[in-house]
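Number of protein chains: 2
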Amino acid sequence: MTVTIKDIARVANCSYATVSRALNNKPGINAQTRQRIVNVAGQLGYQPNAIARGLVMQRTHTIGLVIPDIVNPFFPEIARGVEDVASDHGYTVFLCNTNWDQTKENVYLKALQEKRVDGIIITPSIDLSSANGTDYAYLNEISLPLVIFSGQSSTGGHSYIEIDNHRGGFIATKHLIEAGYRRIAFIGGRESSHSNSERLKGYKSALTSYEIPIDDNFITNHDFYSESGYALMESLLSLPNPPDAVFTGNDIIALGVLECLQKRGIRVPEDFGVVGFDNIIFSGYPQIQLTTISQPQYLMGKLAAEILLNEINGLSTKGVRKTILEPELIIRKTTRKLNFPYNIREKSR
Amino acid sequence: MTVTIKDIARVANCSYATVSRALNNKPGINAQTRQRIVNVAGQLGYQPNAIARGLVMQRTHTIGLVIPDIVNPFFPEIARGVEDVASDHGYTVFLCNTNWDQTKENVYLKALQEKRVDGIIITPSIDLSSANGTDYAYLNEISLPLVIFSGQSSTGGHSYIEIDNHRGGFIATKHLIEAGYRRIAFIGGRESSHSNSERLKGYKSALTSYEIPIDDNFITNHDFYSESGYALMESLLSLPNPPDAVFTGNDIIALGVLECLQKRGIRVPEDFGVVGFDNIIFSGYPQIQLTTISQPQYLMGKLAAEILLNEINGLSTKGVRKTILEPELIIRKTTRKLNFPYNIREKSR
DNA sequence: AATATAATATCAAACGTTTGCAATCGAAAC
DNA sequence: GTTTCGATTGCAAACGTTTGATATTATATT
């Protein structure tokens, strides 16, 4: 049925070793025979079998990308970044979407290893640094090149790349404070997510810096979905002394928050400020104009892939590489301008 | 380094044929030996080599998904759908994002075949039915199970699934007409895209049904991106006799259109109506509220994968299967309510 | 006790490549 | 006319599985 190297050898009248060498531009083949073989291969419509090749080469030119939520526009940009560099280097990527499901994450990781991918990029659905060891020990058991995206290695044994989430949370909150909001709440996503908990820490740190007391009732977490943002906003507003601003775990949550606010007829930014995180493309749309913290998504995807590919090809200098990017505050229309002489001085962090 | 079936055989003191059968729950193995082997495998941390298995089985439990734009929220939902059913059936999916680049599409298709995927789901970047044969002959040369997503087979040789784009274009335009808009323009995406040209045909057909003349100046095409929608809206507005409504090739374009309109201070829906296509999640957000044509994205992804898997496993009744779903008009806030007694009768299509 | 039968285990080929080593072949060198 | 050398080419093993055919063993049957 399918044509193999042996078929070519038969019609080109040579051994299949020669065919292999000719087709792969290996040295030591007569130019004419090479040409003859190439012609025959073309005529027969030969398509090399990457599976067979992978078996002997112990390399599949395949990488795995494990992400928690392909529907959040943050991740497609990442995926595009890794995919672009992967394909530029002749690699193909397995997409694994976990829906924040740890079990699924484990299943995928196992499958990827069985499929003998050359490396893995993963956004773990839980915080490796705080998780109890047993849960996520498996990540440390992976001997493949692996880069952790937006999360840190629990052992320090893997490269990772992320934005400085703590700082991101800090400048977001600082901005709210400077814009004159005082009762600032936090609506996070998954409590167990690394990025989420770092952002929360940044939030707390900013409040502390400005000597604003931290109110535990103002700190909420649930999901990285807008429904969750909507619901938590509802509950925050029903507090006896509700907040006048909120910093959210990501932009999607913020959209839910905005929806709630609009429904309640609360004016943004006049009476209520909101700052998101990620700067997904939709946050910049004129109807939304969400103030947020920017992550260079496509670039981060590219970087992650480059780091991984270097590691795969043994080019990385001494293994583990930690890349931390600077977050950037994007001021738009969901926070008011600083025009209150509040006379506040930021304490050093 | 890595432990193989032979290692297990050695310590379990049996042949590796036995190990294989034991681990795969094949019959004819003594319960005790099986248990012993399973134990050994566990102790050694054995991970089956899917590459080797794929070579002998001629099956990789892998499918390819080729889409033109992972960043358009339409496609991540699709991807999630196919991935969910794939993973439920023990399949892994290669994600291939072409950025509407035909060359890239070809490269990917070749790579997928070389990697011996069991099947492919593809949204072709050009219209197969109208493309000149040579260009897209390659799709017909693919002997793998293949389902065409949102596009039709040029030969009828492949299954496909899509929404009725013609009808979608028709009801979108009809709605604009019934809402009282009269100078209705079309801002499409890729002219060569199947779905786009079908939607355009539907648009024309609706105008004709209502005896509204078709103005070629009102028919524009470029990209499926919002920048393109913005730019084309600009140019339409600079026409001596500009339109008062627009039907766009997809929601993303509509967002660009809306942005332009807002910038120009044109009131929507009072003075200008816009209808999109796809009903991506963001179209429903309170700040956007775009009237559009709905496609059940996740479901379509699931269906595509199910059809493909059936074909792979030889379950499909007699090969080619054509699935065409009904589009649904979602009326929101970018078109005004029908409150003009225009006294118009729809001609039968 | 000898034979038939069923249960279990092994052998070896196959899947389609790559590659170290050996073999061949001309021609150049002596 | 040998010998030697370099350029080509071929051989065969290896990668890690699966599986049909066969061999072995234990049990049941007479």
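Sequence order for the protein chains is U and Y.
The numbers in the first sequence follow the numbering used here, run straight up by one, and end at 349.
The numbers in the second sequence follow the numbering used here, run straight up by one, and end at 1349.
All C-beta atoms in this analysis are idealised placements derived from N, C-alpha and C, irrespective of residue type, glycine included.
Per DSSP, the unbroken alpha helix (DSSP H) holding serine 1205/Y starts and ends at 1194-1209. For leucine 1065/Y, the uninterrupted beta strand (DSSP E) segment begins and ends at 1062-1067. By the C-beta criterion, the stretch 70-87 of chain U is judged to be in contact with the stretch 1056-1076 of chain Y, since at least 3 inter-stretch pairs fall below 8 Å. Counting along the chain, leucine 1176/Y sits inside the alpha helix (DSSP H) bounded by residues 1165-1178.
Not a single C-beta of chain U is nearer than 9 Å to the C-beta of asparagine 1106/Y. For glutamine 102/U, the closest Cβ of chain Y is not nearer than 9 Å. Around the beta carbon of threonine 103/U, fewer than 16 other beta carbons sit within 10 angstroms, so the residue counts as exposed. At a cut-off of 9 Å between beta carbons, proline 296/U makes no contact with chain Y. For the stretch 1007-1072 of chain Y, the full-length beta strand (DSSP E) segments reaching 3 residues or more read 1062-1067 along the chain. Rounded to whole angstroms, the gap between the alpha carbons of alanine 17/U and valine 56/U is 14 Å. DSSP, reduced to helix, strand and coil, places lysine 104/U within a helical segment of the structure shown. If only complete runs of 3 or more residues are kept, the stretch 1224-1311 of chain Y shows the beta strand (DSSP E) at 1245-1248, 1273-1275 and 1292-1294, in order along the chain.
If you draw a straight line from the Cα of histidine 1061/Y to the Cα of aspartate 1088/Y, it comes to about 12 Å.
Taking one beta carbon from each stretch, the stretch 1139-1147 of chain Y and the stretch 1117-1131 of chain Y have 3 or more pairs nearer than 8 Å; the two touch. Under the criterion of beta carbons closer than 8 Å, proline 1296/Y and isoleucine 1171/Y do not qualify as touching, at roughly 16 Å. Boundaries of the beta strand (DSSP E) around glutamate 328/U: 328-330.
Closer than 9 Å at the C-beta level to chain U, one finds these residues of the stretch 1203-1226 of chain Y: Ser1226. When Cβ-Cβ separations below 9 Å define contact, isoleucine 120/U makes no contact with chain Y.
Distance check between alanine 50/U and each of Ala1111/Y, Ala1041/Y, Asn1250/Y and Ile1312/Y places Ala1111/Y closest, using alpha-carbon atoms only.
Under the DSSP assignment, phenylalanine 74/U falls outside any beta strand (DSSP E), being part of the alpha helix (DSSP H) whose first and last residues are 74-88. Threonine 1155/Y: not part of any beta strand (DSSP E); DSSP gives it neither H nor E. For tyrosine 1160/Y, the secondary structure class from DSSP, reduced to helix, strand or coil, is strand. The shortest C-alpha to C-alpha distance from glycine 1276/Y to any of Ile1187/Y, Lys1026/Y and Ile1120/Y is the one to Ile1187/Y. Residue-level contact by beta carbon fails for isoleucine 1008/Y and chain U, as no gap is shorter than 9 Å.
Under a 10 Å Cβ-count criterion, asparagine 97/U is classified as buried, with 16 or more other Cβ atoms of the shown protein chains found around its own Cβ. Under the DSSP assignment, leucine 1325/Y falls in the beta strand (DSSP E) whose first and last residues are 1322-1325.
Between the alpha carbons of valine 246/U and leucine 232/U lies a gap of roughly 11 Å.
For threonine 92/U, the enclosing beta strand (DSSP E) starts and ends at 92-97. Judged by their CB atoms, valine 1003/Y and glutamine 1035/Y are not nearer to each other than the 9 Å cut-off. Cβ neighbours of glycine 169/U within its own chain (closer than 6 Å, five residues either side excluded): Arg199, Gly202 and Tyr203. Taking all protein chains in view, the Cβ of asparagine 1313/Y is surrounded by fewer than 16 other Cβ atoms within 10 Å, so the residue is classified as exposed.
Judged by beta-carbon spacing, serine 1192/Y lies within the 9 Å limit of serine 1130/Y, meaning their Cβ atoms are closer than that value.
Per the Cβ contact rule, the stretch 212-232 of chain U is in contact with the stretch 249-259 of chain U (3 or more Cβ pairs under 8 Å). Taking CB atoms only, leucine 146/U has no neighbour in chain Y less than 9 Å away. Residue environment for proline 27/U: exposed (fewer than 16 other C-beta atoms within 10 angstroms of its C-beta). For a cut-off of 8 Å, the C-beta gap from proline 286/U to glutamine 1262/Y is around 5 Å, short enough to register as a contact.
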